[in-house]
Amino acid sequence: MKTTFLLLMPVFALVSCAPSLPSTGFLGEDDKKLTADKSLPFQRSWRKADADLSKYSKIEVVPIRTDKLRSLDNSLNAVNFRNIGDQYSKDVAKLADGTTEAFRKELDELPGRSATIVSKPSKSRNTLVLETNLVEAIPGRPSAKIANLAVPLVGILSQPSIAIEGRLRDARSGETLLAFADNETPEASIIDAQSFTFYGTLRREAEKWASQLAEIIEGSTDVKDPFFFRPVDW
Numbered sequence: 070m071k072t073t074f075l076l077l078m079p080v081f082a083l084v085s086c087a088p089s090l091p092s093t094g095f096l097g098e099d100d101k102k103l104t105a106d107k108s109l110p111f112q113r114s115w116r117k118a119d120a121d122l123s124k125y126s127k128i129e130v131v132p133i134r135t136d137k138l139r140s141l142d143n144s145l146n147a148v149n150f151r152n153i154g155d156q157y158s159k160d161v162a163k164l165a166d167g168t169t170e171a172f173r174k175e176l177d178e179l180p181g182r183s184a185t186i187v188s189k190p191s192k193s194r195n196t197l198v199l200e201t202n203l204v205e206a207i208p209g210r211p212s213a214k215i216a217n218l219a220v221p222l223v224g225i226l227s228q229p230s231i232a233i234e235g236r237l238r239d240a241r242s243g244e245t246l247l248a249f250a251d252n253e254t255p256e257a258s259i260i261d262a263q264s265f266t267f268y269g270t271l272r273r274e275a276e277k278w279a280s281q282l283a284e285i286i287e288g289s290t291d292v293k294d295p296f297f298f299r300p301v302d303w
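Listed below in structure tokens is the structure:
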């Protein structure tokens, strides 16, 4: 058993890592500032050195954009059951709404202080604006996961993934204080209940982003995105 586990560890690491995707142009000039900053939990990011995000008492969460979403154009993803007719477009709209709501909920419950979530654009003082863009959303393949129970590792090449770009800016000045881009696949596990759904793992990753942003806004200067191996993940 120990030998099998050790042999599978490189595979688990491979499954949990997703390649960085090309910029969509959403971040504009801010994209040129992005680097691999180990103090932030994103693949590429930038933070204004003297920015104090914790001073903002109001946060506007702009609905996540989907107009720059990458299509399911490669052979493995194009044949996904969800890519029939307009089903994928409907799925993306629902995923986007859920992601926006996850950001609003998490930022509305900052543990260290009270921040008001505003829904209308404003240039008032002490208002932070979160703008995000959904870059990629590859749904899961439950049939492949079921087949994986009989033939281990058969589902590796059809892993779900979700990618995002975003920034936090000062509402009054328009200045960008934080910019980021990230692409995530499910954490490594032997049994992951959400992997037997089309979008469960993607929603979970979106909730993780929301939690990480809350930490950053609270003032944490070192927010990690560590590798986890969970034998069972719900």
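Sequence positions in the sequence shown follow my numbering and run 70 to 303. Every residue, glycine too, gets a C-beta built ideally from N, C-alpha and C.
| Query | Result |
| --- | --- |
| Test item: CB-CB of S230 and A87 under 8 Å | yes |
| Cβ-based neighbour list, G181, same chain, cut-off 7 Å, excluding 5 preceding and 5 following | E287 |
| Which listed residue (G154, V161, L179 and I153) has its alpha carbon closest to that of I133 | V161 |
| A171 beta carbon less than 8 Å from that of A250 | no |
| Top-ranked residue by Cα proximity to S158, from S123, K174, L141 and E276 | L141 |
| For D160, the first and last residue of its enclosing alpha helix (DSSP H) | Q156 to L176 |
| Under the three-state DSSP convention, the category T270 falls into | helix |
| Simplified DSSP state of G288, which is helix, strand or coil | coil |
| Alpha carbon of L247 to alpha carbon of A147, nearest angstrom | 34 Å |
| Which of helix, strand or coil DSSP assigns to L103 | coil |
| Burial state of P110 (16 or more Cβ within 10 Å) | buried |
| Closest by C-alpha distance to R113, when choosing among R236, Y268, G167 and R241 | R236 |
| Enclosing beta strand (DSSP E) for I207 [first to last residue] | T196 to I207 |
| As assigned by DSSP and simplified to three states, the class of L247 | strand |
| Per DSSP, cross-strand counterpart(s) of D239 | L197 |
| Nonlocal neighbours in the same chain, by C-beta distance under 8 Å from L179, ignoring five residues either side | A283, I286 and E287 |
| Buried versus exposed call for A118 [16 or more other C-beta atoms within 10 Å across all chains shown] | exposed |
| Simplified DSSP state of S114, which is helix, strand or coil | strand |
| Three-state class that DSSP yields for S280 in the structure shown | helix |
| Same chain, Cβ closer than 6 Å to Q281, neighbours up to 5 away in sequence not counted | P110 and V292 |
| Cut-off 8 Å between Cβ atoms - residues of its own chain near S191, not counting five sequence neighbours on either side | K127, E129 and A240 |
| Own chain, CB closer than 7 Å to T290, minus 5 neighbours either side, in chain order | S108 |
| Span of the beta strand (DSSP E) around I186 | T185 to V187 |
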